[in-house]
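Respectively, the protein sequence lines represent chains A and B.
Following this note's numbering, the numbering of the first sequence begins with 59 at its first residue and continues without gaps.
Following this note's numbering, the numbering of the second sequence begins with 59 at its first residue and continues without gaps.
All C-beta atoms in this analysis are idealised placements derived from N, C-alpha and C, irrespective of residue type, glycine included.
Bear in mind the structure is a predicted one, so any value in this text is a computation, not a measurement.
Written below as structure tokens is the structure these notes are about.
Protein chains: 2
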Amino acid sequence: MNQVEFDFDVMAEKSLEKIYELLEEKKYFLARDEILKYNEADIAELFEDILMDRDAGDAVILFRLLPKDVAVVVFSYLPSDDQLTIIDCITDKETTYIINELDFDDKIDVLEELPANLVDKILEKTPKNERKLINTFLNYPDNCAGSLMTPDYISLQKNMTVGEALEYIKEYGIDAETLYTCYVKDQGRKLIGIVSLSTLVVENNDTRIMDIMHEDYVSINVYDDQEEVADDFKKYGFIAMPVVDKEGRIVGIITVDDVLDVMEEEATEDMERMAGVIDFENSDKDYLDISVWQHTLNRLPWLVILMLSYIITGGIINKFEGMLSDVICLVAYMPMLMGTGGNTGSQAATLIIRGLATDEVEPADFFKVIWKEFRVGLLIGLILSVLNFARICWWDGQGVAIAMTVCVAMLAIVVIAKMLGSMIPLLAKLCKIDPALVANPAISSISDMVSCITYFAMASLILGI
Amino acid sequence: MNQVEFDFDVMAEKSLEKIYELLEEKKYFLARDEILKYNEADIAELFEDILMDRDAGDAVILFRLLPKDVAVVVFSYLPSDDQLTIIDCITDKETTYIINELDFDDKIDVLEELPANLVDKILEKTPKNERKLINTFLNYPDNCAGSLMTPDYISLQKNMTVGEALEYIKEYGIDAETLYTCYVKDQGRKLIGIVSLSTLVVENNDTRIMDIMHEDYVSINVYDDQEEVADDFKKYGFIAMPVVDKEGRIVGIITVDDVLDVMEEEATEDMERMAGVIDFENSDKDYLDISVWQHTLNRLPWLVILMLSYIITGGIINKFEGMLSDVICLVAYMPMLMGTGGNTGSQAATLIIRGLATDEVEPADFFKVIWKEFRVGLLIGLILSVLNFARICWWDGQGVAIAMTVCVAMLAIVVIAKMLGSMIPLLAKLCKIDPALVANPAISSISDMVSCITYFAMASLILGI
């Protein structure tokens, strides 16, 4: 089964069909053999499909037939609602076994999702020391460094030799989340240096740890936001980073594989917020697992807030009803002007929001950004105006005055929208508000009003009405 | 200088001020000492600031004063235009030195950006074997696995013992990109297994590699898209993955730190595309480094295409000019209806586009998704309609007939927009078109037309005009 990945999707589909047939015929052991052809991460993916397509009972029977060590790893790869489905169907004894065997950080993730009475039952059977540690970890707020870390790391003494360190790792390393970075602590658990396994392996056995350890390591504060953690990993390119408390004592480490998930989550959150969707549950649930009601709640607030802004826009239009009745053809160009204002503003806003998120743009660049957007707006506005002038005169057969009105308004609207679109995220950032959360709705409502006013002002100026 | 990260931004600002003062007074060595207090990744960030704030000459003098080994690492962390600025100012000899000292994958990245004559000059001084390898790597298309990988990995023989393997690593490991995964090849360079350094370190010295290597490794094809590569890393949580050619021969490895950048790039690309910005240069340039002209080119196409759709919308409105002149107050509700249609459609589209990108949603879920969006649309449409009915009757003081017209249209528009918003990305995916590229513009133009037609149809039905 080399190169599983190469055509996993194709293979998986065939295997699933086969497994479903076997389950249908109640040949559970054969189904298990089929699924065991895969890597644990792939098995978890197959289980997700089985849980979605078929009765949970079938999936659980199959899960119970997996070798115990495989079952634990597969379980750790499953999304949390599938984990809960399985836990619901197996005995408490099996649950306790699986949870005790999980890596520490996975264990915390599962315990966070379980009902309190089940957590208590599991903790009762946990040794006192570990129980205390689990409780500390469970208390770190979601989305902070503490919720991502694991206490299973290798710690060395500065007086050890490389040879002794390697012996120590050989003996105690099996449970550590990573062996690749080892941490050197003083008596008071304060982190004094780090040394990588590659250094240990290529160094002479008699060298002392204190002579090869890096003292200029970079650490993460336990209450840092997970977004900052991801930024640090991106910046420094490390495999693992130590997490310290206020006193500089090491409390755990974060490994890069957990950061990949954080980066994906953060990007998803930003995209959703930019589209006016707020995840009030703060869940990592899949789209299809979120209820209709929750989807509605997540999307309604911005739509309702925008309603208010449409009352103002409507009011502006009402004020100019007289003008519009006189020259009714002006109405036909309103969607284009308002739409273009919104689109062009949100182009600018998206570039700036993303630039802020990836540190390409900083609030200090305010005037550079505005100046750039002003010029881009001018160019785009001119091009669109010329195109529209031609089409309104020739295609629509309107007079030059109408064409002038629309085109001058277009130019003004694009320039204003580009500048608004870049300014609003920067201002939000300065006010410590998430730009992704407020920028696009703010821009779309402000640009609608500005578009209307600009258009009607041009009309009364040029057409003299 | 422990915990550099903890308040890097604050420290960096102070240091920058100090460095600028020292540069002003031409105290270059003191400025160098100040900058050398930082980690190489941080130094690179400081150089970015210096290059932006001050004359390039100052930055280059400072760069030349860095210890050679530090200079190489700092150089590798710099964005490519800053690399080019520095190369422009230093001698060819210095350039050749730096480039030869870079890790292989960084070397390729730099060579790709350099002008051809300079690349030739550098390659002339490169040993023939490496030159050949560099040329092969330079030829892999951008954005494929080949462009991310490095050939510097540890390869072992299956007959080696663990002790021999560790000796081998000690001797030859220094140049490898990672020691943490070692690759076992047969005579024909075909990959037959992998073994991790952690296994080697905890195993007995006499064990043979063939007995502990994993043969069920997962590999990446050299022409796989970088997005697939990122997905694999996310799925399996590996630190490094082997890259193989069609014959299963290993040609390089990809390490997880390069994948972090890919994930960020891909998320940025998706967000920009969703906002109608297409990066035609396909560059990884920062927002501020892209010219006004290029910004304009990137944003213009969708705006122009949408112009065409506004011609149709305008035409629809023209057809109903008579109706609008009769009941001019209908115009005031047009922005709300069209705007809400667009917003609500893009909410749905964003959730589906992102769901497709993160594999939460698949095209096979088509009907499940549409059914969910239908219900969400119905709920949201009902709530917005009731709110609007109240405001139109009481606040605006319009008759019930007008209020009915607007509210029935609102309900229909929201439901249709939600279904369109979810359908279009799924259809794009089925047609193998990037959903992020086409969904939002398509939805905004179609929903505008649908909104107009629905509104006018309701008006003629309910108001009898």
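- Those residues of the region 471-492 of chain B placed with their C-beta closer than 8 angstroms to a C-beta in chain A do not exist.
- The beta carbons of P393 (chain B) and D342 (chain A) sit about 36 angstroms from each other, so the pair does not count as a contact at 8 angstroms.
- Taking the C-beta atoms as reference points, L136 (chain B) is found no nearer than 8 angstroms to R90 (chain B).
- In the DSSP assignment, A298 (chain B) forms a beta bridge with B:T313.
- Looking at B:V276, B:L445, B:L81, the one whose alpha-carbon comes closest to that of L361 (chain A) is B:L445.
- Around R189 (chain A), no beta-carbon contact reaches into chain B at under 8 angstroms, the shortest distance being about 27 angstroms.
- In this structure, B:N217 is the residue among B:V309, B:Y211, B:N217, B:Q245 with its C-alpha nearest to the C-alpha of R266 (chain B).
- By alpha-carbon distance to K72 (chain A), the top candidate from A:I93, A:V320, A:V389 is A:I93.
- Nearest C-alpha to V496 (chain B) among B:C510, B:S509, B:M481, B:V508: B:M481.
- For S213 (chain B), the enclosing beta strand (DSSP E) begins and ends at 212-214.
- Contact of I180 (chain B) with chain A is not assigned, every C-beta pair being separated by 8 angstroms or more.
- Taking 9 angstroms as the cut-off between beta carbons, the residues of the region 283-310 of chain B near chain A are E286, A288, D290, F291, K292, K293, Y294, G295, F296, I297, M299, V302, G306, in sequence order.
- Around the beta-carbon of P125 (chain A), fewer than 16 other beta-carbon atoms lie within 10 Å, marking it exposed.
- For N201 (chain B), the three-state secondary structure derived from DSSP is coil.
- Sorting A:N201, A:I336, A:E327, A:M365 by C-alpha distance to the C-alpha of T354 (chain A) places A:I336 at the top.
- Neighbours of K228 (chain A) across chain B, judged by C-beta separation under 7 angstroms: V259, V260.
- L519 (chain B) is classed as exposed because its beta carbon has fewer than 16 other beta carbons within 10 Å across all chains shown.
- Rounded to the nearest angstrom, the gap between the Cα atoms of I250 (chain B) and G306 (chain B) is 9 angstroms.
- Contact fails between the region 366-379 of chain B and the region 402-409 of chain B, because fewer than three Cβ pairs, one in each stretch, are under 8 angstroms apart.
- Burial state of P185 (chain A) is exposed, judged by a 10 Å Cβ sphere holding fewer than 16 other Cβ atoms.
- If you look at Y238 (chain A), you'll find it isn't in any alpha helix (DSSP H); it sits in the beta strand (DSSP E) that goes 236-243.
- E98 (chain A) is classed as buried because its beta carbon has at least 16 other beta carbons within 10 Å across all chains shown.
- Between the region 379-395 of chain B and the region 378-392 of chain A, the count of Cβ pairs shorter than 8 angstroms is three or higher; the stretches touch.
- DSSP places V253 (chain A) in the uninterrupted beta strand (DSSP E) bounded by 249-254.
- Annotation for V302 (chain B): L249, S277, I278, N279, V280, I308, V309 place their beta carbon closer than 8 angstroms to its own, counting only its chain and skipping 5 residues before and after.
- Looking at the DSSP output, D283 (chain B) shares a beta bridge with B:C202.
- For P199 (chain B), the nearest beta carbon of chain A is not closer than 8 angstroms to its own beta carbon.
- Cβ atoms of L442 (chain B) and T398 (chain B) come within 8 angstroms of each other, at about 7 angstroms.
- Segment contact: the region 193-208 of chain A against the region 308-324 of chain A, three or more CB-CB distances shorter than 8 angstroms; contact assigned.
- Looking at the DSSP output, T208 (chain B) bridges to B:I311.
- Using a Cβ-Cβ cut-off of 7 angstroms, V389 (chain B) is close to I375, L382, V389 of chain A, given in chain order.
- Residue environment for I501 (chain A): buried (at least 16 other C-beta atoms within 10 angstroms of its C-beta).
- Looking at B:R247, B:T257, B:V320, B:E261, the one whose alpha-carbon comes closest to that of K304 (chain B) is B:R247.
- The beta carbon of V132 (chain B) is closer than 8 angstroms to those of E98, I101, A102, F105, F121, L124 in its chain, skipping five residues each way along the sequence.
- The residue from B:I148, B:D150, B:F162 with its alpha-carbon nearest to that of S134 (chain B) is B:F162.
- The Cβ atoms of A517 (chain B) and M396 (chain B) lie no closer than 8 angstroms to each other.
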